[in-house]
Amino acid sequence: MTQPIDSIPETALAWHREGLGAALATVVETWGSAPRRVGAQLAIAGDGRIEGSVSGGCVEGAVIVEALEALEAGEHRLLTFGVSDGDAFAVGLACGGTIRVLVEPVGTVLSEEMLAELVAARAARLPVAYEVNLATGTRRLLRDGYPDRMRMDRSGFEEDGQTFVAVHNPPLRLIVVGAVHIAQALVPMARIAGYDPAVIDPRDTFASPARFPETRLLHDWPDEAVAELGLDTRTALVLLTHDPKLDDPALEAGLRANCFYIGALGSTRTHARRVARMQAAGFGDDQIARIHGPVGLDIGAASPAEIAVSILAEMTAVLRGRAQ
Numbered sequence: 001m002t003q004p005i006d007s008i009p010e011t012a013l014a015w016h017r018e019g020l021g022a023a024l025a026t027v028v029e030t031w032g033s034a035p036r037r038v039g040a041q042l043a044i045a046g047d048g049r050i051e052g053s054v055s056g057g058c059v060e061g062a063v064i065v066e067a068l069e070a071l072e073a074g075e076h077r078l079l080t081f082g083v084s085d086g087d088a089f090a091v092g093l094a095c096g097g098t099i100r101v102l103v104e105p106v107g108t109v110l111s112e113e114m115l116a117e118l119v120a121a122r123a124a125r126l127p128v129a130y131e132v133n134l135a136t137g138t139r140r141l142l143r144d145g146y147p148d149r150m151r152m153d154r155s156g157f158e159e160d161g162q163t164f165v166a167v168h169n170p171p172l173r174l175i176v177v178g179a180v181h182i183a184q185a186l187v188p189m190a191r192i193a194g195y196d197p198a199v200i201d202p203r204d205t206f207a208s209p210a211r212f213p214e215t216r217l218l219h220d221w222p223d224e225a226v227a228e229l230g231l232d233t234r235t236a237l238v239l240l241t242h243d244p245k246l247d248d249p250a251l252e253a254g255l256r257a258n259c260f261y262i263g264a265l266g267s268t269r270t271h272a273r274r275v276a277r278m279q280a281a282g283f284g285d286d287q288i289a290r291i292h293g294p295v296g297l298d299i300g301a302a303s304p305a306e307i308a309v310s311i312l313a314e315m316t317a318v319l320r321g322r323a324q
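Its first residue numbered 1, the sequence shown is counted upward by one per residue in the numbering used here.
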């Protein structure tokens, strides 16, 4: 099972259960040139250990001091740092930048049970929103709330200025069927964009560590490999073999699942034949319409690298709701 890219909540929970005490510091608002986005987190242990970052090093020292005091007091703190604040200027916040950081001690403010539920959801790749009302102190986890925020990975305050929503989405995954030249370009590009890639191809010569370094490679038949990896709302499936024997089993699995993107390489004529095969397999028009084929945005791409750019761009447009 793929683990979350960061492990800040997991670390805070572990430190709390070890008896060290722990607090979570979360960036809840930024203006100007603040170096970390809203939702970035720092875990602070009672002995001063830390994991993560809320500013890339600019204000961590001040946050740690406040977090240790908050742990002792058993209360949350909302901190503001900016160039107009002498303390923040002293620790080197970027010129023109301001950030607000919410510090929540685990156990007294953020309950162990709620943090454990959040950690379990992350481990199971279940999207969840953490909601806290700073006026009332009410905290809850929502599985189906804030669809726009969840789609855009956008944590932040609601219009009331008191309700903060932290988005905890599973890491993005890319599953590529076909270890071809386009895949060699697409995999590292997708990794830079935040995807955890895996490549499926029963041909060992194609799907080799030399061609795909530091990438999970599966040499099983595509439907078996896809079943092993699993498909969910944070998974993109890209089919690149041109061979129906390899593409179609994975494609059928993708159409039955809830992955956010399905793309298939091939000309318009090739895609028409693919559609006919899916119809013959019993899939309806709405299901088949989820296939992006020919794959990628029409940017006039010619080389494998350019085609990879077009695929990644289309994946991003679909993920962020800018394309169907």
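Just so it is clear, CB atoms sit at the ideal spot from N, CA and C, and this is done for glycine as well.
Exposed unless 16 or more other CB atoms sit within 10 angstroms - verdict on Glu314: Along the sequence shown, one-based indexing puts residue 314 at 314. Classification for Glu314: buried.
Bounding residues of the beta strand (DSSP E) (the contiguous stretch that carries His325): With the chain covering 1 to 324 only, the question about residue 325 has no answer from this structure.
Glu60 classed as buried or exposed, judged by whether at least 16 other C-beta atoms fall within 10 angstroms: Here residue 60 corresponds to residue number 60 of the sequence shown, with the count starting at 1. Classification for Glu60: buried.
Counterpart residues of Asn133 in DSSP-defined beta bridges: Position 133 of the sequence shown, counted from the start, is the residue given in the question as residue 133. The partner list for Asn133 (beta bridge, DSSP) reads Thr163.
Three-state secondary structure assigned by DSSP to Gly82: The residue given as residue 82 occupies position 82 in the sequence shown. DSSP places Gly82 in strand when its eight states are reduced to three.
Proximity below 8 Å, CB of Leu297 to CB of Ala193: Counting from 1 along the sequence shown, the entry for residue 297 is found at position 297. Counting from 1 along the sequence shown, the entry for residue 193 is found at position 193. Contact: no.
For Leu20, the nearest candidate out of Asp47, Ala40, Arg277, Ala70 (CA to CA): Taking the first residue of the sequence shown as position 1, residue 20 is located at position 20. Considering only alpha carbons, the answer is Asp47.
Enclosing alpha helix (DSSP H) for Leu297 [first to last residue]: Sequence index remark: in the sequence shown, residue 297 carries index 297 (1-based). Leu297 -> no alpha helix (DSSP H), and no H or E assigned at all.
7 Å CB neighbourhood of Ala305 in its chain, flanking five on each side removed: The residue you call residue 305 lines up with position 305 of the sequence shown. Closer than 7 Å at the Cβ level, and outside the excluded window around Ala305, lie Ala185.
Contact between the region 256 to 270 and the region 220 to 238 (3+ Cβ pairs under 8 Å): yes
Cut-off 8 Å between Cβ atoms - residues of its own chain near Leu141, not counting five sequence neighbours on either side: Residue 141 sits at position 141 when you count from the first residue of the sequence shown. So the list reads Met114, Glu117, Leu118, Ala121, Val128, Ala129, Tyr130, Glu131, once near-sequence residues are dropped.
Expected contact under 8 Å - CB spacing of Val28 and Leu102 to nearest Å: Residue 28 sits at position 28 when you count from the first residue of the sequence shown. Residue 102 sits at position 102 when you count from the first residue of the sequence shown. Indeed, because the Cβ distance is near 5 Å, the residues count as touching under 8 Å.
Which residues DSSP lists as bridging Glu104, in chain order: Here residue 104 corresponds to residue number 104 of the sequence shown, with the count starting at 1. Bridge partners of Glu104: Leu24.
Candidates Pro222, Gly230, Ala179, of which the one nearest Pro213 by Cα: Counting from one through the sequence shown, the residue named residue 213 turns up at place 213. Shortest Cα-Cα distance from Pro213 to any of Pro222, Gly230, Ala179 involves Ala179.
Cβ shell of Val91 (< 7 Å), same chain only, five flanking positions each side left out: Counting from 1 along the sequence shown, the entry for residue 91 is found at position 91. Reliability of the predicted coordinates at Val91 is poor, the pLDDT of 49 falling under 50, and the value obtained from them is presented with this limitation in mind. Taken in chain order, the residues that qualify are Cys58, Val59, Gly61, Ala62.
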